[in-house]
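Numbering (UniProt numbering) for the sequence shown: 1 to 701. Since the structure comes first, as structure tokens, the remarks are kept for the end.
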Amino acid sequence: MRGEYVIYLPPNKNIGKFLDMMVIDEGKTKNQHTRILDYFKNMLEELERSFSNFIKIERMIARDGVDEFRNEITFDDLLEYINFCICGDRQRVILPNIAMYLDTLIGAKEFTTGLRPRISNKYIGVVAIDGFPSQSYPNILNSLTLLGFDYRFNTRFIFMDNQDAIKELNKYRKKWQQKTRGFIDQLLDRPSSKVDEHAVSMVNEIDGALAEANSSLVNYGYYSANIVVFDTDAENLEYKLADVKSTLEKLGFMARIETINAVEAYLGSLPGFVYPNLRRPVINTLNLAHLIPLASIWAGEKYNSSEKFPPESPALMQVVTSGATPFRLNLHVGDLGHTLIFGPTGAGKSVLLANIALNFQKYQNAKVFAFDKGRSLLALTLATGGTHYDVAGENSSLAFAPLSSIKSQAQIAWAESWIETCLKLQNIDITPKYKKLIHEALITHVETNSRSLTEFISSLQDNDLRDALSHYSVSGSAGFLLDAEKDGLSLNNNITTFEIEDLMNLGEQNVIPTLLYIFNKIEQSLDGSPTLLIIDEAWIALGHPAFKGKIVEWLKVLRKANCAVVLATQSLSDSAKSGILDILQESCPTKIFLPNVEAWNKGSDNTLGPYDFYKAFGLNDVQISILQEGIYKQDYYYVSPLGTRLFSLALQKAALAFTAVSDKTNIKRIKALYEIHKEKWAYKWLEEKGIDYSNFIGDIQ
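If you want it as structure tokens, here you go:
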């Protein structure tokens, strides 16, 4: 939370009356308090306009919302921030329906003074900045963002009039000028062979400051800064204060832990307290810009940004980064959640996909569809009560009936296209005559309530078509997959995973019709609920024209159905050479790159290297170096229009037991446990792994 507040001290009544006498103004009909308030508001608007050219700012105001019971409420950002300043508590302040004094809403805590003051059960510590390094630079205090605890950095700057600033600088100059020669030399007004070079240097520096002030390049003012820390444990607080002091001293600042002055320093850091702990070191506005903590580690968006999700839906997941600032990972940028994930084999791509699928299920009515290769999602799917289909697996009985539920004209049109694709894969050229025969056979199929592909083939009035489609009937090699009397596919679960490794070994004549049917069923199931469609090893889809066209279609239209497509691949080149790179770039605002030790390898005139592909996806040299230096199976690099961040999942053993399992031995054991224990299998699995789940699951009956 970062807040900047502006305090204006209006002139006293006598000065105000004098100005009323001297100035003719149509606004004099307003009373003095109203005029002062109007002036303050106008200055705030001017300040806001000036700042908005350089940084994103938002006024702290009252906002309307709803509570957990759907009752309308109003909460106030400014009061929330002031309450945080007072007691260090981050909590929403709800305005009452009946107006009340502020002390009933905020700061209603017991305050104890002393060397280590306390508010309620929290001790208060303050570290003051007493001295500055010889020079400043932008974001000089960035190291404070890496501290492993919460703190509040309070900056107070009281602007001086330009002429007052020049007078103040001349006072400093006079003092240093007197030190250039000894007292006797000054008294006798004689030149001295001994000159204090440091004093001369300071005089020259002040002369430069005077030149800047006279030219109005910068303004000057009185600066004071304090770092306020809260902790319920006094000993922990001392460690934190020492850490802050040490960090400041390493940057060249002089820092002091407040003791006798602790209460005064704390009060001086609160909004509206103008006089406590007023200090007067003079700096210019350029130094101020360097010292104000405008930059910080980007923490990601607190809520999912899509308007199609329930209001204030939390971020997808919170992950770990360098320093103490966590990162809230979201796939969505606005209402567009399509995502590209790139990473070499063994870099941790499957673990990331599993955790994305797991955390997406927390959204209301959310559905996840995943196409897996290698059964890396088996454990997660079964553990979360989902459905796992091993398409064309050795012991799988799954079979589809693609023509069993055709009723509408749209479904008939899809069926015609699907049958034509099957025929093309059998080297049949589709002529207008064949199109007519296919359509007539489908109409007959629907009218007779037929269901299987064999029944459809029997209604075709052409031997060549029947012979070509027989490959997909019970008399052909693909009949076990596509010629069932009853469709074995159900998409009603929270997560549905399709394992396609065995299917991919059957050749495109069988793969393409099967996947196109599954894709169609998924599209029909979309009802506007938050949906995630994951395609692992997406290079397969990008490499075939039929799948490539489907990917392009999804990226363009599924956003309207509130469905985010996640394409994960180990091959950058397949994406770059797919012919749809521009569409991938435009439609997938979020990209996650995994570490690659070969990231800096450049290609030749004939062959592109990893470096060239990363450049094609918009990464600069610094970002490519981050990928090269990243740790396999730990680091992930997030890139979107909102920002960039290197993060890690930091999973515990229990999470890894379900999201990092893909070897054949463990997969076989998981299947065996599931057959024996059904929905209780996960607890047995954790026990076998030696993981105590009682702390986070509870006792299992």
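For glycine and all other residues, C-beta sits at the position ideal for the given N, C-alpha and C.
Given 7 Å as the limit, tell me if residue i has its C-beta closer than that to any heavy atom belonging to the ligand SAM.
| i | result |
| --- | --- |
| N359 | Here there are no bound small molecules, and the ligand SAM is not part of this structure. |
Per DSSP, what kind of secondary structure is residue i in: helix, strand or coil?
| i | result |
| --- | --- |
| L224 | One detail in the question is off: residue 224 reads as Ser in this sequence, not Leu. Of the three classes helix, strand and coil, the one that applies to S224 here is strand, per DSSP. |
| I443 | helix |
| V557 | helix |
| L533 | strand |
| residue 712 | Shown here, the chain extends from 1 to 701; a query on residue 712 therefore has no answer. |
| Y632 | coil |
| I406 | coil |
| A255 | strand |
| G114 | coil |
| V282 | strand |
| V200 | helix |
| W681 | helix |
| V333 | strand |
| I518 | helix |
| I298 | For the sequence presented, residue 298 should be read as Trp rather than Ile. DSSP places W298 in coil when its eight states are reduced to three. |
| E264 | helix |
| S52 | coil |
| V661 | coil |
| N219 | coil |
Out of curiosity, what's the CA-to-CA distance linking residue i and residue j?
| i | j | result |
| --- | --- | --- |
| K684 | T497 | 22 Å |
| W681 | L353 | 22 Å |
| T155 | S306 | 35 Å |
| F480 | A399 | 6 Å |
| S477 | L425 | 14 Å |
| Y632 | F159 | 51 Å |
| F519 | S525 | 10 Å |
| E501 | A568 | 15 Å |
| L340 | N562 | 17 Å |
| I292 | G107 | 26 Å |
| D89 | R152 | 11 Å |
| Q701 | S694 | Reliability fails at Q701, whose pLDDT of 38 lies under 50, so the model's placement of it is uncertain and the value that follows must be treated cautiously. Their backbone Cα atoms lie some 12 Å apart in a straight line. |
| T176 | E168 | It is Trp, not Thr, that sits at residue 176 in the sequence shown. Answer to the nearest angstrom: the Cα atoms are 13 Å apart. |
| A199 | K615 | 53 Å |
| R598 | F342 | Checking the displayed sequence, the identity of residue 598 turns out to be Glu instead of Arg. Looking at the two C-alpha atoms, the distance is approximately 13 Å. |
| I227 | G348 | 40 Å |
| L686 | V446 | 50 Å |
| residue 746 | R59 | The shown model of the chain, from 1 to 701, leaves out residue 746, and the question about it has no answer. |
| V639 | F84 | 32 Å |
| L378 | Y472 | 28 Å |
| V274 | G268 | 7 Å |
| T232 | G690 | 35 Å |
| L558 | E46 | 43 Å |
| I551 | A315 | 26 Å |
| Q570 | A299 | 28 Å |
| A657 | G148 | 29 Å |
| D161 | G272 | 22 Å |
| A213 | A165 | 8 Å |
| residue 703 | K602 | Limits of the chain in this structure are 1 at one end and 701 at the other, which puts residue 703 out of reach. |
| V391 | S376 | 15 Å |
So who's on the other strand from residue i, going by DSSP bridges?
| i | result |
| --- | --- |
| P314 | Y303 |
| R645 | Y638 |
| G549 | Note: G549 sits in no beta bridge, so no partner. |
| A568 | I341 |
| E499 | D372, D390 |
| D231 | Y123 |
| D76 | A62 |
| F327 | V319 |
| G346 | Answer is none; G346 lacks a bridge partner. |
| K367 | T531 |
| A128 | N226, R256 |
| I94 | F75 |
| C563 | T531 |
Using 8 Å as the threshold, is the region 633-652 in touch with the region 315-326, meaning 3 or more CB pairs across them? Yes, the region 633-652 is in contact with the region 315-326.
* To do: Quick one: which unbroken alpha helix (DSSP H) runs of 4-plus residues sit fully inside the region 139-181? Chain order, please.
  => For the region 139-181, whole alpha helix (DSSP H) runs of length 4 or above, ordered along the chain, are 162-178.
Could you check whether the region 69-78 touches the region 88-95, counting it as contact only if at least three pairs of C-beta atoms, one from each stretch, sit closer than 8 Å?
The region 69-78 vs the region 88-95: in contact.
### Query
Curious, which full-length alpha helix (DSSP H) runs of at least 4 residues does the region 584-624 contain?
Taking only runs of at least 4 residues, the alpha helix (DSSP H) segments lying wholly in the region 584-624 are 610-616.
**Asked** Are the region 251-260 and the region 117-130 touching, with three or more C-beta to C-beta distances below 8 Å?
**Response** With a cut-off of 8 Å, the region 117-130 and the region 251-260 count as touching, because enough Cβ pairs lie within range.
Touch test, the region 243-250 against the region 139-146, Cβ-Cβ under 8 Å, three pairs minimum
A contact exists between the region 243-250 and the region 139-146.
query: Are three or more beta carbon pairs between the region 405-424 and the region 433-446 nearer than 8 Å?
result: Segments in contact, yes.
Within the region 450-480, ranges of the alpha helix (DSSP H) (whole runs, at least 4 residues):
The qualifying runs are 453-458, 463-469.
Next on the checklist: So, does the region 481-489 touch the region 446-455, judging by three or more C-beta pairs under 8 Å?
Outcome noted: Cβ pair count under 8 Å is three or more, so yes.
field: Inter-stretch contact (C-beta, 8 Å, three-pair minimum) for the region 382-390 and the region 487-496
entry: The answer is yes - the region 487-496 touches the region 382-390, with three or more Cβ pairs under 8 Å.
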